[in-house]
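Peer 1: To convert, note that position 80 of the sequence shown is 80 in UniProt numbering; the numbers rise steadily by one, no gaps.
Idealized CB from N, CA, C, for every residue including glycine.
Predicted, not measured: the structure shown is a model, and the values here were computed from it.
Below you'll find the structure I mean.
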Amino acid sequence: MQCELCHQDGGDILYRDDKLRVILVADADYPAFCRVIWHAHVKEMTDLDSADRAHVLDWVLRTEQALRTVLNPDKINLASFGNMVPHLHWHVIPRFADDKHFPNPLWGAAMRDGVAHGSPTLAAQLRHALQVG
1 MQCELCHQDG GDILYRDDKL RVILVADADY PAFCRVIWHA HVKEMTDLDS ADRAHVLDWV
61 LRTEQALRTV LNPDKINLAS FGNMVPHLHW HVIPRFADDK HFPNPLWGAA MRDGVAHGSP
121 TLAAQLRHAL QVG
């Protein structure tokens, strides 16, 4: 199996360093859905040494804070599954009471048509919030 996260960015790059990238996922229902993706192909957090674990978690939390600053969501969902793509990555998803699935997870049953909370300048706003955060 060829790993898609090893061979493509996975979305609009908001931040990148030598170990990871933060991307904005192209999702019409959830335009502020972000992922923090470790560059090297590892499956689990415990595949990383303690400094690298701290680095990736720091960027998960920075991403959460940037989303909170820019969008003021009702909740942030954090998840690291890797069942479909066994490459270490974290989902950082702002949730709103009027989104399509709330209070269910995004992968659960839709509750309504929902409102997509985004703007044409969302990526630029998040890039800025990640830099100052």
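Less than 8 Å between the CB atoms is what I'm expecting for ALA66 and LEU5, so what's the real figure, rounded?
Peer 2: On the sequence shown, residue 66 is found 66 positions in, with the first residue counted as 1. On the sequence shown, residue 5 is found 5 positions in, with the first residue counted as 1. About 21 Å separates the two Cβ atoms, so there is no contact after all.
Peer 1: Could you spell out where the beta strand (DSSP E) holding VAL36 opens and where it closes?
Peer 2: Position 36 of the sequence shown holds residue 36. First-last of the beta strand (DSSP E) with VAL36: 34-38.
Peer 1: Does the Cβ-Cβ distance between LEU122 and ALA32 come in under 8 Å?
Peer 2: Along the sequence shown, one-based indexing puts residue 122 at 122. Along the sequence shown, one-based indexing puts residue 32 at 32. Yes, they are a contact pair.
Peer 1: When the Cα of ALA116 is compared with those of ALA28, ARG16, GLY11, which residue comes out closest?
Peer 2: Looking up residue 116 in the sequence shown gives position 116. When only C-alpha atoms are compared, the closest one is ALA28.
Peer 1: Less than 8 Å between the C-beta atoms of LYS43 and LEU88, yes or no?
Peer 2: Working through the sequence shown from its first residue, we reach residue 43 at position 43. Working through the sequence shown from its first residue, we reach residue 88 at position 88. Yes, they are a contact pair.
Peer 1: Would you check if the region 57-73 and the region 89-109 touch, i.e. whether three or more CB-CB distances between them fall below 8 Å?
Peer 2: Flag = yes, the region 89-109 and the region 57-73 touch.
Peer 1: Taking the alpha carbon of residue 135 as the point to measure from, which residue in HIS7, PRO86, ASN83, VAL22 has its own alpha carbon closest?
Peer 2: Examination of residue 135 is not possible in this model, given that the chain is present from 1 through 133 alone.
Peer 1: Let me check one thing: in DSSP terms, what residues is PRO94 bridge-paired to?
Peer 2: Mapped onto the sequence shown, residue 94 falls at position 94. ILE76, per the DSSP bridge assignment.
Peer 1: Does DSSP classify ASP58 as helix, strand or coil?
Peer 2: Taking the first residue of the sequence shown as 1, we reach residue 58 at position 58. ASP58 falls in the helix class under three-state DSSP.
Peer 1: Going by DSSP in three states, HIS87 sits in which element: helix, strand or coil?
Peer 2: Numbered from 1 along the sequence shown, position 87 holds the residue referred to as residue 87. Coil, per DSSP.
Peer 1: For LEU71, does the three-state DSSP call read helix, strand or coil?
Peer 2: Your numbering for residue 71 matches position 71 in the sequence shown. LEU71: helix per DSSP, three-state reduction.
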